[in-house]
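> Below: one structure in structure tokens.
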Amino acid sequence: MKSAPIPAHLIAPTLDASLAKQQCVVATSAATAQDKLVLPKINKKTFANVDGLCADQKGFFDHLKLRSLILSTFRVSLLQASQVFTSYVTDQLQFETKLEKELEEGKISSLELEIKNNEWEEVEWNKRMKTIPEKIKTALLRYHALILIMRSYEFVFERIVSREMMDKLTKDTFKTSVRKSREIKNGERPSEGYRKEMFDTCIYSNFISFMSDYTIQQAVLTFGYYAYFKNARNRKKLKDSDELSLNLDYKVSKADDDLFEDPTKENITDEAEKELKETPTEETEDEGDAKDEDKVAKIDNTGTLAFTYIYKSFHLMASRAIGLYLAGLGGAFGSILRPGWGTLVGVQLGDACATALLDE
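By full-length UniProt numbering, the letter at position 149 of the sequence shown is numbered 149, and the numbering carries on one by one without gaps.
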């Protein structure tokens, strides 16, 4: 017996052809079709993620949630403490090498070497331990400022780039490397091109973070030069006012001395007339030379500041660009060695190498 065709209104609808594939219910009758009717699932959080894109994108204030806040604080604190300890060990080795060289040259004895070494360790250890809280506070402020700038850039990019590009910019490299590696092991995709894909993923996903870091460093550099220029200008004004005050005091005292001198004594009148004729020309020339020198010095100082500011700005931009490229290379090789954690470590090592190479 032939089954009746399924009415069109009983076929499951779709949200959008670009967001979900056409779904149909296969059944032998209208009654069974009605029982088996299943509507497509919709993401409860937002309709924007039904296409699977931008799934790794974080909310604007997600970093302030309790779990994220605890993890970020612990990570930043551990990083700052390890940097202080590494710096202490490095400086200690350098100091010991210097003392051993002096011992070989006969400048100090073994006892003096041990005493100086112990004194250095005690002083430097206490001094560096006291700097850790301040370093952690500064690093936490910078971290949260960096995150807020990143979210702001994401907010802007979300409105000017396609969703496909936004998905690349907000990918989680840890999850992506693990997922791609699992697909290769399961035979769902070939292993060829995995390194290139992870390189591209690391470049795109770290672009906003590197751009945010550059923004912070550029702002700090600009503020530093502005503060220096402002302080230099204030010092110059103070110096000019002090010199003017000294000149006025000198002229007043000189005038008082002249008032109490006898004009007929030792032909002072003739000397005064001669001084009146010669002094204005000499003072005018001296003042003109001084003004010219001040103008030249001011121009040279301003030009030097502008040149160094532009140079440091370009150096900073190049440093961040090269750091991003090396971070992509490190992430790609790290993904091959150990997907996930190897990716994160490779990105950090690549950035560290760029900083070491371009550090002034």
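Glycine included, each C-beta is placed from N, C-alpha and C at the ideal position. None of the values given here were measured: they were computed from a predicted structure.
How many angstroms separate the CA atom of E114 from the CA atom of E100?
Those two C-alpha atoms are separated by around 10 Å.
> Run the CB neighbour count on V89, radius 10 Å, all protein chains shown included, and call it buried at 16 or more, exposed below.
It counts as exposed.
> Note the first and the last residue of the continuous alpha helix (DSSP H) segment covering T176.
Where T176 is concerned, the enclosing alpha helix (DSSP H) stretches over 173-185.
> Could you tell me whether the segment 318-336 touches the segment 153-167, where touching means 3 or more Cβ pairs closer than 8 Å?
Touching, no, given that fewer than three Cβ pairs across the two stretches are closer than 8 Å.
> Tell me the start and end of each unbroken alpha helix (DSSP H) in the segment 128-215 that is at least 4 residues and wholly inside, in chain order.
Runs of the alpha helix (DSSP H) inside the segment 128-215: 163-169, 173-185.
> Check whether the segment 338-349 touches the segment 177-186, counting contact only when three or more Cβ pairs, one atom from each stretch, lie closer than 8 Å.
Enough Cβ pairs lie closer than 8 Å, so yes.
> Within 8 Å of any Cβ in chain C, is that where the Cβ of K185 sits?
As a matter of chain content, chain C is missing from the structure shown, which is built from one protein chain.
> If you reduce the DSSP assignment to three classes, tell me which class I310 lands in.
Helix.
> Rounded to whole angstroms, what is the Cα-Cα separation between G334 and L358?
Going from the Cα of G334 to the Cα of L358 covers about 23 Å.
> Once the 5 residues before and after Q199 are set aside, which same chain residues still bring their CB inside 8 Å of it?
Checking the displayed sequence, the identity of residue 199 turns out to be Phe instead of Gln. Correct list, in chain order: G328, L329, G331, A332.
> Between which two residues does the alpha helix (DSSP H) holding S109 run?
Counting along the chain, S109 falls outside any alpha helix (DSSP H), and DSSP gives it neither H nor E.
> With DSSP run on the structure shown, which of helix, strand or coil describes D56?
Correct three-state label for D56: coil.
> Just the C-alpha distance for R320 and I203, rounded to the nearest angstrom, thanks.
One C-alpha to the other measures close to 12 Å.
> Do you know offhand how far T173's Cα is from E96's?
Each residue's alpha carbon lies about 42 Å from the other.
> With respect to the alpha helix (DSSP H) encompassing D351, which residues constitute its N-terminal and C-terminal limits?
Where D351 is concerned, the enclosing alpha helix (DSSP H) stretches over 341-358.
> For R338, which of helix, strand or coil comes out of DSSP?
Note: R338 maps to coil in three-state DSSP.
> I'd like to know whether the C-beta atoms of L169 and I216 end up nearer to each other than 8 Å.
Cβ distance not < 8 Å, so L169 and I216 don't count as in contact.
> Using only alpha-carbon positions, find the residue among L305, L316, Y143, N118 that is nearest to Y228.
The shortest Cα separation from Y228 among L305, L316, Y143, N118 belongs to L305.
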